[in-house]
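**Q**
Below, the structure written as structure tokens:
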């Protein structure tokens, strides 16, 4: 019996009160606010369940068991921690008194059925034109940033976009808690590590990123940029590591640029603001905006190319696709919108590596008309 099999058996025992929700393919997230207050997200909507743990002690025992799989500990000194289950589901825990109601645990289930580009088309998350455009961006080794709110589908889209990477290329992924599920052959997956009970042995995302540059990567994919590693990523993208991808919490493409700048400023290396902004615009080529709609659907709402700074040193983006709401037909009409091309020509349409991809243009050919002018 393998180590993973043993942990799967013990997890099933300790998480017995919610195990039927763990096995329900329609449940994407389980939110445990207290032993007797448990919600699930099902088809995009939150619902309170009748599931309960016997006591706070039983819930805490389940938490401790979950942490053992990744060798992590949740204590009064480290009351906030990320981990994962043997099946890859992501776990976040907060202890009292930080959480006033007691132990709080959120489980983001790993999808049993991996979505691909065609799946997103069937779900209406993107259009054939957007899919072909982003495929060209990946093949042309453009640096992509996927932005959006919590649970908007950023990681899912990153998994799908990675499917466009040629099989012969070496990919290195870097995450706090492993969530990415890339179906690629040549893959090295790195995961950060928190300090032990004595404050020793911590390995940060920034540490892993610097190490990854020595692993001869063709592509570097960071699960989420959330700290000073942003500056390292920017510098790597502008020094030969093209075709990299990451995710970021932001509401619009311009917000994503400003947030990336803020994160880069968390580094101890001081750069003049204009120099930092110039590096960011040189590093990031395309920003893809994701959103979770009120009916629970996830989809793309904006695809924008990053342009050089304007004369005043401000960020500029060129929208290639935008989400347009359908005209209302009545007071109660809630018709969904569509992701439509803006009709603008791609800023890198004349680049040689894009020209070489002429057979791949597909429905995105109109965005690259400058090549044939």
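Numbering (my numbering), first residue to last: 94 to 466. Yeah, the Cβ is synthetic: ideal placement off N, Cα and C, and Gly gets one too. In this text, all values refer to a predicted model and were calculated from it rather than measured experimentally.
Going by DSSP, which residues form a beta bridge with residue 414?
**A** As a position in the chain shown, residue 414 is number 321, starting the count at 1. Paired residues: 396 and 434.
**Q** Among the candidates 251, 125 and 204, whose CA atom is the shortest distance from the CA of residue 192?
**A** Counting from one through the chain shown, the residue named residue 192 turns up at place 99. Of the listed residues, the one whose Cα sits closest to residue 192 is 125.
**Q** Going by CA-CA distance only, name the one from 358, 160, 386 and 118 that's closest to residue 289.
**A** Taking the first residue of the chain shown as position 1, residue 289 is located at position 196. Nearest C-alpha to residue 289: 160.
**Q** Got a sec? Which residues, its chain only, sit under 8 Å from residue 272 by beta carbon, not counting five neighbours each side?
**A** Mapped onto the chain shown, residue 272 falls at position 179. Excluding positions up to five away in sequence, the list reads 177, 181, 183, 201, 203, 248 and 316.
**Q** Find the nearest neighbour of residue 344 within the set 95, 436, 102 and 239, judged by alpha-carbon distance.
**A** On the chain shown, position 251 is the one that residue 344 refers to. Of the listed residues, the one whose Cα sits closest to residue 344 is 239.
**Q** Could you tell me which uninterrupted alpha helix (DSSP H) segments, each at least 4 residues in length, are contained entirely in the segment 98 to 130, listed from first to last along the chain?
**A** 112 to 115
**Q** Report the rounded CA-to-CA distance for residue 363 versus residue 250, giving the unit in angstroms.
**A** Locating residue 363 in the chain shown gives position 270, counting from the first residue. Locating residue 250 in the chain shown gives position 157, counting from the first residue. Distance between the alpha carbons of residue 363 and residue 250 is about 33 Å.
**Q** If we count the other Cβ atoms within 10 Å of its Cβ and call it buried at 16 or more, is residue 198 buried or exposed?
**A** Within the chain shown, numbered from 1, the residue matching residue 198 stands at position 105. Per the 10 Å Cβ criterion, buried.
**Q** By the DSSP assignment, the beta strand (DSSP E) with residue 382 in it spans what residues?
**A** Walking along the chain shown from the start, residue 382 turns up at place 289. Residue 382 -> beta strand (DSSP E) spans 379 to 385.
**Q** Identify every residue that forms a DSSP beta bridge with residue 338.
**A** Taking the chain shown and counting its residues from 1, one reaches residue 338 at position 245. Paired residue(s): 237 and 314.
**Q** Which class does residue 198 belong to by DSSP, given the choice of helix, strand or coil?
**A** On the chain shown, position 105 is the one that residue 198 refers to. In the three-state reduction of the DSSP assignment, residue 198 falls in the strand class, which pools E and B.
**Q** Work out the CA separation of residue 434 and residue 408 for me, nearest whole Å.
**A** Locating residue 408 in the chain shown gives position 315, counting from the first residue. Locating residue 434 in the chain shown gives position 341, counting from the first residue. Whole-angstrom Cα-Cα distance: 21 Å.
**Q** Quick one: is residue 379 buried, meaning 16 or more other Cβ sit within 10 Å of its Cβ, or exposed?
**A** As a position in the chain shown, residue 379 is number 286, starting the count at 1. So residue 379 ends up on the buried side.
**Q** Below 8 Å on the Cβ atoms is my contact criterion, and I expect residue 393 with residue 381 to pass it. Report the Cβ-Cβ distance as a whole number of Å.
**A** What you label residue 393 is simply residue 300 of the chain shown in a count that begins at 1. What you label residue 381 is simply residue 288 of the chain shown in a count that begins at 1. Contact holds; Cβ gap of about 6 Å.
**Q** Beta-carbon separation of residue 175 and residue 269 under 7 Å?
**A** Indexing the chain shown from 1 puts residue 175 at position 82. Indexing the chain shown from 1 puts residue 269 at position 176. Contact flag set, yes.
**Q** Please state if the CB of residue 457 and the CB of residue 234 are separated by a distance shorter than 7 Å.
**A** Here the question's residue 234 lines up with position 141 in the chain shown. Here the question's residue 457 lines up with position 364 in the chain shown. No, Cβ-Cβ distance for residue 234 and residue 457 is not below 7 Å.
**Q** What is the DSSP secondary structure of residue 248, counted as helix, strand or coil?
**A** Here residue 248 refers to the residue found at position 155 of the chain shown. Helix, per DSSP.
**Q** How big is the Cα-Cα spacing for residue 277 and residue 194?
**A** Numbered from 1 along the chain shown, position 184 holds the residue referred to as residue 277. Numbered from 1 along the chain shown, position 101 holds the residue referred to as residue 194. Roughly 42 Å separates the two Cα atoms.
**Q** Would you mind sorting residue 173 into buried or exposed? The rule is 16 or more other CB atoms within 10 Å of its CB.
**A** Numbered from 1 along the chain shown, position 80 holds the residue referred to as residue 173. The residue in question, residue 173, is exposed, as its Cβ has fewer than 16 Cβ neighbours within 10 Å.
**Q** Could you check if residue 425 is buried or exposed, using at least 16 other CB atoms within 10 Å of its CB as the buried criterion?
**A** Within the chain shown, numbered from 1, the residue matching residue 425 stands at position 332. Caution applies to residue 425, whose pLDDT of 49 falls short of 50 and renders its modelled position unreliable; the value that the coordinates give is listed next. Exposed is the call here.
**Q** Measure the alpha-carbon distance for residue 156 versus residue 170 and round it to whole angstroms.
**A** Here residue 156 refers to the residue found at position 63 of the chain shown. Here residue 170 refers to the residue found at position 77 of the chain shown. Distance between the alpha carbons of residue 156 and residue 170: 16 Å.
**Q** For residue 419, tell me which candidate among 450, 412, 395 and 429 has the shortest Cα-Cα distance.
**A** Working through the chain shown from its first residue, we reach residue 419 at position 326. Comparing Cα-Cα distances from residue 419 to each of 450, 412, 395 and 429, the minimum goes to 429.
**Q** Compute every distance between the C-beta of residue 204 and the non-hydrogen atoms of the ligand FMN, then say whether any falls below 6 Å.
**A** The ligand FMN is not part of the structure shown, which contains no ligands of any sort.
**Q** For a quick check, are the C-beta atoms of residue 275 and residue 244 less than 7 Å apart?
**A** Along the chain shown, one-based indexing puts residue 275 at 182. Along the chain shown, one-based indexing puts residue 244 at 151. No; because the gap between Cβ atoms is not below 7 Å, this pair is not in contact.
**Q** Just to confirm before moving on: does the CB-CB distance between residue 459 and residue 225 stay below 7 Å?
**A** Taking the first residue of the chain shown as position 1, residue 459 is located at position 366. Taking the first residue of the chain shown as position 1, residue 225 is located at position 132. Cβ atoms of residue 459 and residue 225: not closer than 7 Å.
**Q** Considering only C-alpha positions, which residue in the set 153, 398, 120 and 150 is nearest to residue 140?
**A** Here the question's residue 140 lines up with position 47 in the chain shown. The shortest C-alpha separation from residue 140 is found at 120.
**Q** Here's the rule I'm using: 16 or more other beta-carbon atoms within 10 Å means buried, otherwise exposed. How should residue 291 be labelled?
**A** As a first step, residue 291 must be located in the chain shown, where it is residue number 198. Counting Cβ neighbours within 10 Å, residue 291 comes out exposed, since fewer than 16 surround it.
**Q** Quick one: using the 10 Å Cβ neighbour count with 16 as the cut-off for buried, is residue 334 buried or exposed?
**A** Position 241 of the chain shown, counted from the start, is the residue given in the question as residue 334. Its Cβ being crowded by 16 or more others within 10 Å, residue 334 is buried.
**Q** Which of the three DSSP states is assigned to residue 265 in this structure?
**A** Numbered from 1 along the chain shown, position 172 holds the residue referred to as residue 265. Looking at residue 265 - three-state DSSP - the assignment turns out to be strand.
**Q** Based on DSSP bridge pairs, tell me the residues matched to residue 175.
**A** Looking up residue 175 in the chain shown gives position 82. Beta-bridge pairing links residue 175 to 185.
**Q** Go to residue 281, then tell me how far its beta strand (DSSP E) extends in each direction, as first and last residue.
**A** Indexing the chain shown from 1 puts residue 281 at position 188. That run of the beta strand (DSSP E) goes 280 to 284.
**Q** Note down the Cα distance separating residue 396 from residue 336, rounded to an integer number of angstroms.
**A** Here residue 396 refers to the residue found at position 303 of the chain shown. Here residue 336 refers to the residue found at position 243 of the chain shown. Between residue 396 and residue 336, the C-alpha separation is close to 16 Å.
**Q** Kindly indicate the opening and closing residues of the alpha helix (DSSP H) around residue 324.
**A** Taking the first residue of the chain shown as 1, we reach residue 324 at position 231. From DSSP, the alpha helix (DSSP H) with residue 324 extends over 322 to 330.
**Q** In whole angstroms, what is the alpha-carbon distance linking residue 437 and residue 265?
**A** On the chain shown, position 344 is the one that residue 437 refers to. On the chain shown, position 172 is the one that residue 265 refers to. Approximately 33 Å, taken between the alpha carbons.
**Q** With a threshold of 7 Å on Cβ separation, who are the neighbours of residue 258 within its own chain once the five nearest residues in sequence on each side are excluded?
**A** On the chain shown, residue 258 is found 165 positions in, with the first residue counted as 1. Non-local beta-carbon contacts of residue 258 in its own chain, meaning distances under 7 Å to residues more than five positions away in sequence, involve 231, 264, 277 and 312 in chain order.
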